[in-house]
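In full-length UniProt numbering, the protein residues as written are 1 to 252.
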């Protein structure tokens with residue numbers, strides 16, 4: 001059987017940026033296999049503590065926003081020790097996840113953690129570079145997430161705004177941005193893409209009948225992100241392969 005890396009590699013040409021063309025809208029009723037809802041499993045556990053030289057510890061679980069941080073740590077090749085949510089040493093004052101400790105520094109909330117890691121390990125060596133990345137991280141949490149995942153007053157996710165007949169403004173504008181570039185900060189993948197693509201890719205995991213075919217630039221962008229080896233390490237190879245197949249059905 002071919003490895004997940006080999007299977008994902010076959011999608012690379014499909015996900016290259018190119019001028020959009022009209023696509024018939026698909027109506028799929030497939031439901032994501034239950035196994036995918038657990039996400040990365042062992043792949044999401046990160047580095048072994050005995051091999052960690054950075055002193056980074058991440059408290060989280062596969063079913064939370066923790067894999068966003070997992071993904072970026074793998075992109076940066078920063079080893080880390082993964083801890084469960086119930087670990088008594090979790091530094092989050094409200095006992096929530098994700099939370100991260102790096103030496104004497106404690107950070108919580110996924111967006112704040114991503115920005116911290118980018119600042120320390122991501123090569124963002126000027127205020128302009130940090131601002132360019134951070135604006136997308138904040139936008140992903142404050143604006144994109146509420147559009148993609150519609151919650152009731154109890155915070156339960158009921159549906160995705162990507163299903164609505166009228167394109168949400170956030171997705172319409174993102175589509176225009178991605179018509180001009182491979183990744184959000186230009187031609188190089190970075191923390192901005194981890195933040196934004198993670199939320200986009202959560203949609204077909206939890207709402208398998210939702211299609212991004214009407215946003216072809218965004219769909220190809222999702223494809224370029226999901227075939228990255230670090231995504232498979234954080235979310236699991238089966239999840240990545242499943243998503244790559246779904247995305248290819250929208251843009252091929």
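Built from N, CA and C at the ideal position, the CB exists for glycine as well.
> Hey, quick one: how far does the alpha helix (DSSP H) through residue 99 stretch, first residue to last?
Replying inline: Element bounds for residue 99: not the alpha helix (DSSP H) but the beta strand (DSSP E), 99-102.
> So, using beta-carbon positions, are residue 56 and residue 113 closer together than 8 Å?
Replying inline: no
> Buried or exposed: where does residue 89 fall if 16 or more other Cβ atoms within 10 Å of its Cβ makes it buried?
Replying inline: exposed
>> Which of the three DSSP states is assigned to residue 80 in this structure?
In response: Looking at residue 80 - three-state DSSP - the assignment turns out to be strand.
> Anyone know if the C-beta pair for residue 243 and residue 204 falls short of 8 Å?
Replying inline: yes
> In the DSSP assignment, what residue or residues form a beta bridge with residue 58?
Replying inline: 82, 100
>> Under DSSP, the beta strand (DSSP E) around residue 158 begins and ends at which residues?
In response: 157-159 is the span of the beta strand (DSSP E), which, as asked, contains residue 158.
>> Among the candidates 172, 202, 234, 241, whose CA atom is the shortest distance from the CA of residue 218?
In response: Of the candidates 172, 202, 234, 241, the one whose C-alpha sits nearest the C-alpha of residue 218 is 172.
> To which residues of the same chain is residue 189 closer than 6 Å at the C-beta, ignoring the five residues directly before and after it?
Replying inline: 183
>> Just to confirm the assignment, what range does the alpha helix (DSSP H) spanning residue 182 have?
In response: No alpha helix (DSSP H) contains residue 182, which DSSP labels as neither H nor E.
> Looking at the unbroken alpha helix (DSSP H) that takes in residue 248, where does it start and where does it end?
Replying inline: It spans 237-251 - the alpha helix (DSSP H) in which residue 248 sits, taken as one unbroken run.
> In chain order, which alpha helix (DSSP H) runs of at least 4 residues are fully inside the stretch 101-130?
Replying inline: Taking 4 residues as the minimum length, the alpha helix (DSSP H) runs contained wholly in the stretch 101-130 are 110-121, in order along the chain.
> With respect to the alpha helix (DSSP H) encompassing residue 223, which residues constitute its N-terminal and C-terminal limits?
Replying inline: It spans 216-226 - the alpha helix (DSSP H) in which residue 223 sits, taken as one unbroken run.
> Taking buried to mean at least 16 other C-beta atoms within 10 Å of its own C-beta, is residue 94 buried or exposed?
Replying inline: exposed
> Straight-line CA distance for residue 163 to residue 104?
Replying inline: 44 Å
> What's the call for residue 127, buried or exposed, on a 16-neighbour Cβ count within 10 Å?
Replying inline: exposed
> residue 96 to residue 155, Cα distance in whole Å?
Replying inline: 15 Å
> When the Cα atoms are used, what is the spatial distance from residue 132 to residue 175?
Replying inline: 18 Å
> Quick one: Cα of residue 225 to Cα of residue 206, how far?
Replying inline: 18 Å
> Going straight from the alpha carbon of residue 229 to that of residue 241, what length do you get?
Replying inline: 11 Å
>> Given this structure, state the Cα-to-Cα distance separating residue 29 from residue 210, to the nearest angstrom.
In response: Residue placement at residue 29 cannot be trusted, given a pLDDT of 33 that sits under 50; the coordinates are not used to answer.
> CB-CB under 7 Å to residue 192, same chain, minus the five flanking residues each way: which ones, in chain order?
Replying inline: Exclusion of the five residues before and after residue 192 leaves 133, 136, 137, 184, 185 as the residues of its chain whose Cβ lies within less than 7 Å of its Cβ.
>> Tell me which residues share the same chain as residue 250 and place their Cβ nearer than 6 Å to its Cβ, disregarding the 5 neighbours each side in the sequence.
In response: Excluding residues within five positions, the ones whose Cβ falls inside 6 Å are 211, 212, 213, 219.
> Quick one: Cα of residue 76 to Cα of residue 197, how far?
Replying inline: 17 Å
> Which residues in the same chain have their Cβ closer than 6 Å to the Cβ of residue 141, if we skip the five residues on either side of it in sequence?
Replying inline: Cβ neighbours of residue 141 within its own chain (closer than 6 Å, five residues either side excluded): 111.
> Count the other CB atoms within 10 Å of the CB of residue 157; is the residue buried (16 or more) or exposed (fewer)?
Replying inline: exposed
> Which of helix, strand or coil does DSSP assign to residue 75?
Replying inline: helix
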